[in-house]
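*Asks:*
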Ligand SMILES: O=C(CO)[C@H](O)[C@H](O)COP(=O)(O)O
Ligand SMILES: [Fe+2]
């Protein structure tokens, strides 16, 4: 499968969110990544349901909602109603992860689990067959624009091997510090969904940057 690109609107201009979503609609992006932060699970607050609703109103691509919140079970239905196509919860925030994953699926959403940089992939062995997606955090969650953590490549390889054994159709997503310099190495290590915030929105031409992330081989040839 060709890898998918999910621009993160955390780095968009919130005063021009409609403009930035229309740029994503017309670009080579596949999903729209939506970061929800509660100031408890992570030391930052991003935005809530009104902004997800507004994004849903203008986005033509699926909303990939990344919940960095404690006790996410409280809000799964509300995020589905706000427009989420997929909901990813953090392993570290879910004591009853199997129940949480079943609840996401019962809502008709794709179900994902995110791992913080210190959380090993092996902890997923008894749940991976139930998942649509695993998100490997390549920075500590909470902020955009951070430095990529190199141990991510090893985690992607571990996850790729586990998915080969137990869930070959798994979406393997990587989130944090993704740019035109590391994308090929990340795809080679096993990632098939790449989230990019700052590298897209702080570039002079975000749509062209998305095209370069989607087709890095064309960049090498030019
Ligand atoms: O989940 C996130 C942060 O917790 C964001 O999705 C991620 O940081 C993307 O931003 P950038 O590409 O700027 O690193
Ligand atoms: Fe994210």
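Numbering (the numbering used here), first residue to last: 20 to 241. All C-beta atoms, glycine included, are put in the ideal place defined by N, C-alpha and C.
#1: So, at 6 Å on beta carbons, what are the nonlocal neighbours of residue 149 in its own chain, with the 5 sequence-adjacent residues on each side left out?
#2: For the 8 Å Cβ check, are there 3 or more pairs between the stretch 166 to 180 and the stretch 215 to 230?
#3: Is residue 69 buried or exposed, if buried means 16 or more other CB atoms sit within 10 Å of its CB?
#4: Is residue 160 near ligand 1, with its Cβ less than 6 Å from a heavy atom?
#5: Short check: CB of residue 82 to CB of residue 108, under 7 Å?
#6: Looking only at C-alpha atoms, which of 158, 34, 117 sits nearest to residue 143?
#7: Using a Cβ-Cβ cutoff of less than 8 Å, which residues in the same chain neighbour residue 55 once the five nearest sequence positions on both sides are dropped?
#8: For residue 46 and residue 104, what's the separation of their Cα atoms in angstroms?
#9: In whole angstroms, what separates the C-alpha of residue 79 from that of residue 201?
#10: Grab the span of the alpha helix (DSSP H) containing residue 42 for me, first residue to last.
#11: Between residue 196 and residue 166, how many whole angstroms is the CB-CB distance? I'm expecting something under 8 Å.
#12: Report all residues for which the CB-ligand distance to some heavy atom of ligand 2 is below 5 Å; order them along the chain.
#13: Since residue 112 and residue 123 are thought to touch, with beta carbons under 8 Å apart, how far apart are those beta carbons, to the nearest angstrom?
#14: When every heavy atom of ligand 1 is checked, does at least one fall within less than 6 Å of the C-beta of residue 108?
*Replies:* A quick look at the data gives this:
#1: One-based indexing of the chain shown puts residue 149 at position 130. Same-chain partners within the cutoff: 120.
#2: no
#3: Sequence index remark: in the chain shown, residue 69 carries index 50 (1-based). Flag for residue 69 reads exposed.
#4: What you label residue 160 is simply residue 141 of the chain shown in a count that begins at 1. The answer is yes for residue 160.
#5: Against the chain shown, residue 82 aligns to sequence position 63. Against the chain shown, residue 108 aligns to sequence position 89. No, Cβ-Cβ distance for residue 82 and residue 108 is not below 7 Å.
#6: Locating residue 143 in the chain shown gives position 124, counting from the first residue. When only C-alpha atoms are compared, the closest one is 117.
#7: To locate residue 55, count along the chain shown from 1; it is residue 36. The residues are 65, 66, 67, 71, 84, 85, 86, 87, 88, 98.
#8: Here the question's residue 46 lines up with position 27 in the chain shown. Here the question's residue 104 lines up with position 85 in the chain shown. Going by the C-alpha atoms only, they are around 19 Å apart.
#9: Position 60 of the chain shown, counted from the first residue, corresponds to residue 79. Position 182 of the chain shown, counted from the first residue, corresponds to residue 201. Spanning the two alpha carbons is a distance of roughly 28 Å.
#10: Residue mapping note: residue 42 aligns to position 23 of the chain shown, counting from 1. Note, residue 42: alpha helix (DSSP H), 36 to 45.
#11: Translated into positions along the chain shown, residue 196 becomes position 177. Translated into positions along the chain shown, residue 166 becomes position 147. Correct: roughly 6 Å between the Cβ atoms.
#12: 54, 85, 194
#13: Position 93 of the chain shown, counted from the first residue, corresponds to residue 112. Position 104 of the chain shown, counted from the first residue, corresponds to residue 123. Not a contact, Cβ separation roughly 13 Å.
#14: Translated into the one-based positions of the chain shown, residue 108 becomes position 89. The answer is no for residue 108.
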